[in-house]
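> All letters in the sequence shown, in the order written, are residues -22 to -1, 1 to 238 by mature numbering (1 follows the signal peptide of the UniProt record, and there is no 0). What follows is a single structure, and I will ask about it in a moment.
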Amino acid sequence: MKIGKSLLVATALSGVSIQISALELLGQVQLINPVHLVSQVSGVLEKVDGQVGESVKSGSKLTTIQAFDYELAVKKQAANLALAKADMTIKQSIYQRYQTLKKKKSLSQNELDVAKADMDSARATVELARIQLAEAKNNLEDTVVVSTIDGIITQRHVESGAWVERGTPLFQVANIDTVRIRFFASQYDLDELRIGMSVELWLEGSRNEKVTARIERIGIQPDDQSKSYPVYVSIDNIDHVYRPGMTVYASTQSSSVKGE
């Protein structure tokens, strides 16, 4: 949104006039690549630790899902793997014994082939049991939901005791050490804007505390609602002064020289 445009003309002794056009824009702070955390397993949330506005580190626990059924699943799959290994050992022993008998011509080729097929099937069963055990362990690990980045919790969608399905949104976490600011300019202002142009930014009530940034992108089509073109800049925000949703003002200057 454009909020103002001023025009200043300074005339030097040489008879040269310098025309300075200052364009002021209004924008809003946006997150850069926020992380959406969803439930990887179904179950009841035991405790939701993460609070909106809380700073978290990568690996910080945000909530847990009741793990009893998943612990049982791990034990069950571990037992299935042990049984599959035992069966494979037996089938391997039978096949090796049949190989000896076949060499002595005491066994038909068909019987040896059947024994080999049984052994191969037992090996495949072991591999399947390993995969199922790994899946059960992953599901158990997924009952603990952690942040995957250093940042701030910007959204929380659930409460303790709620039932969640796989894929249910839980949290949004974002790092605001760097933020993006989106401004809107009318089609008449586009000629005065260019990528790389320096702009001064400030928050409402803090005009004396300005930061400088450069235009990174200018939209090629207008926003559906405002019918204005988006203009993007990014700034370092280590002190987290600029927070998502805050209103930001921007001023950019362009000049032209005219001789008399």
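Think of the CB as a built atom: it goes at the ideal place given N, C-alpha and C, for glycine as much as any other residue. Quick caveat, the model's predicted, so the values are computed rather than measured.
#1: Compute the beta-carbon to beta-carbon distance between residue 187 and residue 228, rounded to the nearest angstrom, for a pair I have assumed lies under 8 Å.
#2: Who are the near neighbours of residue 85 in its chain, counting only those whose CB is closer than 8 Å to its CB and skipping five residues on each side?
#3: Roughly how many whole angstroms lie between the Cα atoms of residue 142 and residue 110?
#4: Out of 224, 223 and 176, which one is the CA nearest neighbour of residue 2?
#5: At which residue ranges does the region 29 to 96 contain complete alpha helix (DSSP H) runs of 4 or more residues, listed in the order of the chain?
#6: So what does DSSP say about residue 150, is it helix, strand or coil?
#7: To which residues does DSSP link residue 130 through a beta bridge?
#8: For residue 11, count neighbouring C-beta atoms within 10 Å of its own C-beta (all shown protein chains included) and say buried if the count is 16 or more, exposed if not.
#9: Excluding sequence positions up to five away, which residues of its chain have a Cβ less than 6 Å from the Cβ of residue 222?
#10: Tell me the DSSP bridge mates of residue 25?
#11: In this structure, how does DSSP classify residue 168 when only helix, strand and coil are distinguished?
#12: When you compare each of 27, 196, 167 and 166 to residue 174 by their alpha carbons, which one comes out closest?
Answer, in terms of the structure:
#1: So it is not a contact: roughly 14 Å between Cβ atoms.
#2: 76 and 79
#3: 23 Å
#4: In this structure, 176 is the residue among 224, 223 and 176 with its C-alpha nearest to the C-alpha of residue 2.
#5: 46 to 81
#6: strand
#7: 33 and 152
#8: exposed
#9: 7 and 9
#10: Residue 25 pairs with 42.
#11: helix
#12: 196
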